[in-house]
């Protein structure tokens, strides 16, 4: 008898979710993508049109069911209410209409940490965010855990990749950060975000164990000053530190040991590898 087709539902199916969706469409899975504008979904993905900022729009979809569910949410705005609307209110509405999946993956952020002073952090480090964004995302993590459904939370940091050329543009304009304060940054290439999420889904589908929480970063936390100096060299421009000091998050170093222990092989293990193709894109 032919095995049943596996079903994947991606809630908030944007760039990263779309990459995961395409991977499983190619494998013959039934893939649904929930987003406001379903015309932007990859080929082969069944669209579920809903505005996550509108609870009635979500409820109008009726019960949601899939073997595997991936949530890749983005805030309505970069203000406290924009985060609360999606990571607290919309998440609660979605969870209420979602039948228990075999596994739920939730894309979180290293913003749930508040360590500074170049501390090393891992999945077991304290999560006591002082910023509103991290607070709302942490509440979303807690809601996922409270469901008692099988789940994995993936805390990505500093996602970069095709189309994300802000850092290169700043270096080109001479808006590099000053030497002081020294600020460690963490990052992961967009393709490794997609690759690692697929890796986890594949492990679950194969009956292999996965952890409840992962830090999604590359092998090399590094001072932002070092990254910008290297980019200036690659671009052939003067390294001018006329930008503002980093004030967004504390300087910390994220460990990817658990990601590595899962068997995932990074496509871009450090910033030099990941930025190489972006530099070509920028030059074009």
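Numbering (this note's numbering), first residue to last: 59 to 342. Here a beta-carbon is modelled for each residue, glycine too, at the ideal position from N, C-alpha and C.
Taking the C-alpha atoms as reference points, what is the distance between residue i and residue j?
| i | j | result |
| --- | --- | --- |
| residue 231 | residue 168 | 28 Å |
| residue 247 | residue 292 | 18 Å |
| residue 95 | residue 238 | 43 Å |
| residue 203 | residue 323 | 27 Å |
| residue 198 | residue 289 | 35 Å |
| residue 98 | residue 109 | 14 Å |
| residue 296 | residue 192 | 35 Å |
| residue 182 | residue 188 | 18 Å |
| residue 118 | residue 93 | 13 Å |
| residue 223 | residue 299 | 18 Å |
| residue 177 | residue 281 | 13 Å |
| residue 190 | residue 200 | 15 Å |
| residue 114 | residue 63 | 30 Å |
Check whether the Cβ atoms of residue i and residue j sit closer than 8 Å, and answer yes or no.
| i | j | result |
| --- | --- | --- |
| residue 207 | residue 162 | yes |
| residue 76 | residue 100 | yes |
| residue 132 | residue 74 | no |
| residue 134 | residue 144 | yes |
| residue 155 | residue 122 | yes |
| residue 170 | residue 310 | no |
| residue 5 | residue 166 | In the structure displayed, the chain extends from 59 to 342; residue 5 sits before or after that span and is not available. |
| residue 267 | residue 244 | no |
| residue 332 | residue 235 | no |
| residue 141 | residue 194 | yes |
| residue 308 | residue 215 | no |
| residue 249 | residue 294 | no |
| residue 217 | residue 337 | no |
| residue 262 | residue 160 | yes |
Which same chain residues, not among the five before or five after residue i, have their C-beta less than 8 Å away from its C-beta?
| i | result |
| --- | --- |
| residue 256 | 78, 81, 82 |
Could you check which residue in the options has the C-alpha nearest to that of residue i?
| i | options | result |
| --- | --- | --- |
| residue 305 | 331, 174, 340, 209 | 174 |
| residue 277 | 314, 150, 261 | 314 |
| residue 253 | 103, 325, 146 | 325 |
| residue 85 | 330, 318, 260, 283 | 260 |
| residue 251 | 72, 88, 62, 64 | 72 |
For residue i, which residues from the same chain have a beta carbon less than 7 Å from its beta carbon, with the 5 sequence-adjacent residues on both sides left out?
| i | result |
| --- | --- |
| residue 269 | 210, 316 |
For the putative contact between residue i and residue j, defined by C-beta atoms under 8 Å, what is the C-beta separation to the nearest angstrom?
| i | j | result |
| --- | --- | --- |
| residue 105 | residue 91 | 6 Å |
| residue 283 | residue 240 | 7 Å |
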